[in-house]
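Number of protein chains: 2
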Amino acid sequence: MTPRHQSAPVASRSYSRVIRRFVRMGARGEVMRILDRLHPADMIEVLQSLPPAEQKAFLDILISHPGSASVVAELPGALLTEVLAGASDEWIASLVSRQPPDEAADLLGLLPPERCDAALKLLDDRTAANLDRLMTYGRETAGGMMTTHFLALQGSTLVSQAIDRIRSEPDAEMVFYLYVVDDINRLEGVVSLRQLVLARPDQTLQSIMNSRVMRVRVDQPRSEVAETISRYNLLAVPVVETSNVLAGLITVDDAIDAMTDETTREIYRMAGLNTEDRLTTRPLRSFTRRLPWMILNLATAIIASSVVWLFEESIAQAVALATFMPIVAGMGGNGATQTLTVVIRGIALGEVNFSSARRAILRQMAIGTLLGLITGGVMALVAFLWKGNLFLGLVIAVAMIANMLLAGAVGAMVPLVLKRLGLDPALGSGVIATTFTDSLGFLIFLGLGTVFLDSIR
Amino acid sequence: MTPRHQSAPVASRSYSRVIRRFVRMGARGEVMRILDRLHPADMIEVLQSLPPAEQKAFLDILISHPGSASVVAELPGALLTEVLAGASDEWIASLVSRQPPDEAADLLGLLPPERCDAALKLLDDRTAANLDRLMTYGRETAGGMMTTHFLALQGSTLVSQAIDRIRSEPDAEMVFYLYVVDDINRLEGVVSLRQLVLARPDQTLQSIMNSRVMRVRVDQPRSEVAETISRYNLLAVPVVETSNVLAGLITVDDAIDAMTDETTREIYRMAGLNTEDRLTTRPLRSFTRRLPWMILNLATAIIASSVVWLFEESIAQAVALATFMPIVAGMGGNGATQTLTVVIRGIALGEVNFSSARRAILRQMAIGTLLGLITGGVMALVAFLWKGNLFLGLVIAVAMIANMLLAGAVGAMVPLVLKRLGLDPALGSGVIATTFTDSLGFLIFLGLGTVFLDSIR
Numbered sequence: 071m072t073p074r075h076q077s078a079p080v081a082s083r084s085y086s087r088v089i090r091r092f093v094r095m096g097a098r099g100e101v102m103r104i105l106d107r108l109h110p111a112d113m114i115e116v117l118q119s120l121p122p123a124e125q126k127a128f129l130d131i132l133i134s135h136p137g138s139a140s141v142v143a144e145l146p147g148a149l150l151t152e153v154l155a156g157a158s159d160e161w162i163a164s165l166v167s168r169q170p171p172d173e174a175a176d177l178l179g180l181l182p183p184e185r186c187d188a189a190l191k192l193l194d195d196r197t198a199a200n201l202d203r204l205m206t207y208g209r210e211t212a213g214g215m216m217t218t219h220f221l222a223l224q225g226s227t228l229v230s231q232a233i234d235r236i237r238s239e240p241d242a243e244m245v246f247y248l249y250v251v252d253d254i255n256r257l258e259g260v261v262s263l264r265q266l267v268l269a270r271p272d273q274t275l276q277s278i279m280n281s282r283v284m285r286v287r288v289d290q291p292r293s294e295v296a297e298t299i300s301r302y303n304l305l306a307v308p309v310v311e312t313s314n315v316l317a318g319l320i321t322v323d324d325a326i327d328a329m330t331d332e333t334t335r336e337i338y339r340m341a342g343l344n345t346e347d348r349l350t351t352r353p354l355r356s357f358t359r360r361l362p363w364m365i366l367n368l369a370t371a372i373i374a375s376s377v378v379w380l381f382e383e384s385i386a387q388a389v390a391l392a393t394f395m396p397i398v399a400g401m402g403g404n405g406a407t408q409t410l411t412v413v414i415r416g417i418a419l420g421e422v423n424f425s426s427a428r429r430a431i432l433r434q435m436a437i438g439t440l441l442g443l444i445t446g447g448v449m450a451l452v453a454f455l456w457k458g459n460l461f462l463g464l465v466i467a468v469a470m471i472a473n474m475l476l477a478g479a480v481g482a483m484v485p486l487v488l489k490r491l492g493l494d495p496a497l498g499s500g501v502i503a504t505t506f507t508d509s510l511g512f513l514i515f516l517g518l519g520t521v522f523l524d525s526i527r
Numbered sequence: 071m072t073p074r075h076q077s078a079p080v081a082s083r084s085y086s087r088v089i090r091r092f093v094r095m096g097a098r099g100e101v102m103r104i105l106d107r108l109h110p111a112d113m114i115e116v117l118q119s120l121p122p123a124e125q126k127a128f129l130d131i132l133i134s135h136p137g138s139a140s141v142v143a144e145l146p147g148a149l150l151t152e153v154l155a156g157a158s159d160e161w162i163a164s165l166v167s168r169q170p171p172d173e174a175a176d177l178l179g180l181l182p183p184e185r186c187d188a189a190l191k192l193l194d195d196r197t198a199a200n201l202d203r204l205m206t207y208g209r210e211t212a213g214g215m216m217t218t219h220f221l222a223l224q225g226s227t228l229v230s231q232a233i234d235r236i237r238s239e240p241d242a243e244m245v246f247y248l249y250v251v252d253d254i255n256r257l258e259g260v261v262s263l264r265q266l267v268l269a270r271p272d273q274t275l276q277s278i279m280n281s282r283v284m285r286v287r288v289d290q291p292r293s294e295v296a297e298t299i300s301r302y303n304l305l306a307v308p309v310v311e312t313s314n315v316l317a318g319l320i321t322v323d324d325a326i327d328a329m330t331d332e333t334t335r336e337i338y339r340m341a342g343l344n345t346e347d348r349l350t351t352r353p354l355r356s357f358t359r360r361l362p363w364m365i366l367n368l369a370t371a372i373i374a375s376s377v378v379w380l381f382e383e384s385i386a387q388a389v390a391l392a393t394f395m396p397i398v399a400g401m402g403g404n405g406a407t408q409t410l411t412v413v414i415r416g417i418a419l420g421e422v423n424f425s426s427a428r429r430a431i432l433r434q435m436a437i438g439t440l441l442g443l444i445t446g447g448v449m450a451l452v453a454f455l456w457k458g459n460l461f462l463g464l465v466i467a468v469a470m471i472a473n474m475l476l477a478g479a480v481g482a483m484v485p486l487v488l489k490r491l492g493l494d495p496a497l498g499s500g501v502i503a504t505t506f507t508d509s510l511g512f513l514i515f516l517g518l519g520t521v522f523l524d525s526i527r
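Same order as they appear, the protein sequences are chains S and G. Counting in my numbering, the first sequence runs from 71 upward without gaps. Counting in my numbering, the second sequence runs from 71 upward without gaps.
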């Protein structure tokens, strides 16, 4: 989104209560006056802090405020869709025309096709054609992120001419850099505003430009763009089409937004959640999105239970086995979850590669074994004090040690194997690993219990 | 750390194999020549991809390369500590002197106090005093993040004079902005390089500056600084001491690093992991860090097991209860985990507030109930087909529905309550919630099983 590089009011959270009062009183003018002093990011915070009824009233006022163009684009998805659904085509066209192209295309993308076309018809031809093109790129690609408002000049341009161009384009994003292109718009180099200031007015851009420019392709995934910007500490990265034609520009603030989304995705994947499943999602939608995952979990739980079923006869004779078996399985599950988390995060941060994978697995097995020794030892003591049976304690300790070792191995191997297969290491790791620790935990504990059945009864 | 705004070589990953070959051959000169063409971020990637023995050899060459100053600062912690431990005081002083002040202070902070003092003595007095001061700020504060290389000029400075100053300070970070201060260095405003270019040479900074500058305090936590930069789409934020004296500058790339660390922390907290627990951590260290969490988990597992123990007599008579009880508990745990994840992420993204909390809890309970109805229904059918007992199926279905409803309630309430108490909503949520779903799952299922014992046998 358009970087507002500098100014912003000091502490604004206190405005929320005042605004709420004025909104309730219907004091439109007062609210408008407060909005004059608020940063767009703070307007959204105020909006979110209001109860639903006042939210609507505030939104009505907000939308008519001249500073609202940049706010609307950053509204939470559900609210934005609602606002757009209730607005006229003219209002949408006017809103869209006040946005930078990347935001405008995103807004239009939220509309049903026929409404989108209606809004495009109300815009001037050049803008409409530009937006139409931007909308052809997938939302999750560089093309879908980029703005087309940027300065690109030819290498023969003089420094003085370039400065005049900057003067005449107050809307272009990120005028800390000028891009240098050839006569068919192929990217040739970049000139920073600083270089421009330090150069003589009669030098050409060609003579001062840096021709080694980091760039991304228009079809590169959003997460790769964010990774490129963060890895090379860039403030902006140019986007090129095939044959190196400059198509747009992505700024660091968009990379930050992409990183935040990627974080949500990473955290959500581990819990088998759909990214669209938010606090504000309607329950029925959340339900249908979570159902397949829960059915999968049920299937794995049935697998683990069928192991218990094999030992029903032993349990009937030594029912203490039933009391302790959830401990063995549960501790293995916790151990596997910790290992998984470390390995998945390590993969995400690029800390794992072919030479370190084997070492990582061995390390996690060692950690699991050590944890099993201590927690198994403690549990053996607890079981002995509880049931007065030393053998029962030994059986549970051995089962816990074995299962924790296994938890380390499985917890490390599952994401690494998924990654090796080209799959997302987080997706499903948890289910797979805990199916192992549950089933094998039951198998080891109940198996040992059956072997030593006479001693533990 | 220092933004390298622009250029970077194209695809570099292929260099890794070539470098590895040259390192094995001991072809120092060849490696140096390849390094000339590599971006620092890529040098680190190559380093990490090498097996340990070759890593050492490559590091030796890397350190002697003129471009290595910015690489060393970004080495992974463990490797950096190793490098510093093996280096002479002179080498460290020379390395430190080539870093921007924020990086230099971070490097010195990794040394034992006496070695740090020795290195400081080898630097010129002004640099040493500056670094000494920077090191007094905590690593996790704005003071610990900021650089002191920035341009601050008085309001009476002419635009032409300011441009001369930029020319004379090639090292200052982020010369896209000049900060305007009064005679005792209090922050008064900011001028963007763009404004400078567009202004007349004889205007004063005062007359063109923007006086509403977003700022952070020197003692603000790192995560708040990152949040400020990302929230207001800033490229840099000035850091002030009490009474508004300008102390330093934090750039957006440092905010991105802080966000990445914050993500790790968030993901780790949910699994009860210590942030220092990485793939490369020595197993004994990981073990001691994970042990308290596992002991806590053991305690909660024992609580859940004691519920089972209460029903040992029923289980002895209807041992199928033992087979199915892990399913009831496990499904509740999965449901709670999904709900927790959505709520914790919602809190982290600022989507929850007092008015929406109650609604969020009710929604999650509704979702849990729906999921319980379907998965419980499926499970009832499975149990009936498996055991040929309709009552057993009904008991398990009712228990699953109740436990999933509970999972929604507890999963939503636990992080909200932790947050309300001023605690981290992620830390411990999982343990608390699954203790509930395990214990109450066992209680409901085994309780119902006991009531209908005659029918399910």
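The C-beta atom is built at its ideal place from N, Cα and C for all residues, glycine as well.
Given residue i, which residues of its chain have a CB within under 7 Å of its CB, disregarding the five upstream and five downstream residues?
i, result
"residue 179 (chain S)", "205, 209"
"residue 88 (chain G)", "104"
"residue 319 (chain S)", "216, 217, 220, 243, 244, 306, 308, 309"
"residue 403 (chain S)", "504, 507, 508"
Starting from the C-beta of residue i, find all residues in its chain whose C-beta is less than 8 Å away, skip the five residues before and the five after it, and write them out in chain order.
i, result
"residue 200 (chain G)", "171, 218"
"residue 272 (chain S)", "228, 229, 230"
Could you tell me which residues DSSP puts in a beta bridge with residue i?
i, result
"residue 224 (chain G)", "G:251"
"residue 217 (chain G)", "G:319"
"residue 287 (chain S)", "S:310"
"residue 261 (chain G)", "G:248"
"residue 473 (chain G)", "For residue 473 (chain G), which the question treats as bridged, DSSP gives no partner whatsoever."
"residue 274 (chain S)", "S:228"
"residue 280 (chain G)", "G:260"
Less than 8 Å separating the beta-carbons of residue i and residue j?
i, j, result
"residue 407 (chain G)", "residue 500 (chain G)", "yes"
"residue 389 (chain G)", "residue 385 (chain S)", "yes"
"residue 409 (chain S)", "residue 519 (chain S)", "no"
"residue 375 (chain S)", "residue 393 (chain G)", "yes"
"residue 523 (chain S)", "residue 387 (chain S)", "yes"
"residue 235 (chain S)", "residue 257 (chain S)", "no"
"residue 309 (chain G)", "residue 286 (chain G)", "yes"
"residue 317 (chain S)", "residue 299 (chain S)", "no"
"residue 38 (chain G)", "residue 497 (chain G)", "Examination of residue 38 (chain G) is not possible in this model, given that chain G is present from 71 through 527 alone."
"residue 454 (chain G)", "residue 446 (chain G)", "no"
Give me, in chain order, the residues of the same chain whose beta-carbon lies closer than 6 Å to that of residue i; leave out the 5 immediate sequence neighbours on both sides.
i, result
"residue 515 (chain S)", "395, 398, 469"
"residue 140 (chain S)", "110"
"residue 77 (chain S)", "Any reading at residue 77 (chain S) is ruled out, since the residue's pLDDT is 38, under 50, leaving its predicted position unreliable."
"residue 162 (chain G)", "189"
"residue 359 (chain G)", "344, 347"
Count the other C-beta atoms from every protein chain shown that fall within 10 angstroms of the C-beta of residue i, then say buried if there are 16 or more, exposed otherwise.
i, result
"residue 485 (chain G)", "buried"
"residue 312 (chain S)", "exposed"
"residue 85 (chain S)", "buried"
"residue 511 (chain S)", "buried"
Using 8 Å as the limit for Cβ to Cβ distance, is residue i near chain C?
i, result
"residue 170 (chain G)", "Of the protein chains in this structure, namely S and G, none is chain C."
Scan the stretch 342-354 of chain S for residues whose Cβ lies nearer than 9 Å to a Cβ of chain G and list them as they occur along the chain.
342, 343, 347, 348, 349, 350, 351, 352, 353, 354
Using a Cβ cut-off of 7 Å, which residues of the stretch 307-332 of chain G contact any Cβ in chain S, in chain order?
322, 323, 326, 329
Contact set between the stretch 457-476 of chain G and chain S, restricted to residues whose Cβ is under 7 Å from the partner
none
Counting only Cβ-Cβ distances shorter than 7 Å, please list the residues of the stretch 94-105 of chain S near chain G, keeping chain order.
none
To be precise: take each residue of the stretch 243-271 of chain G, compare its Cβ to all Cβ atoms of chain S, and keep it if any distance is under 8 Å. Which residues remain?
245, 246, 247, 260, 262, 263, 264, 266, 267, 268
Interfacial residues, the stretch 373-384 of chain G to chain S, with Cβ spacing under 7 Å:
374, 375, 378, 379, 382
Could you run through the stretch 291-307 of chain S and flag, in chain order, every residue whose CB is less than 7 Å away from some CB of chain G?
300, 301, 302, 303, 304, 305
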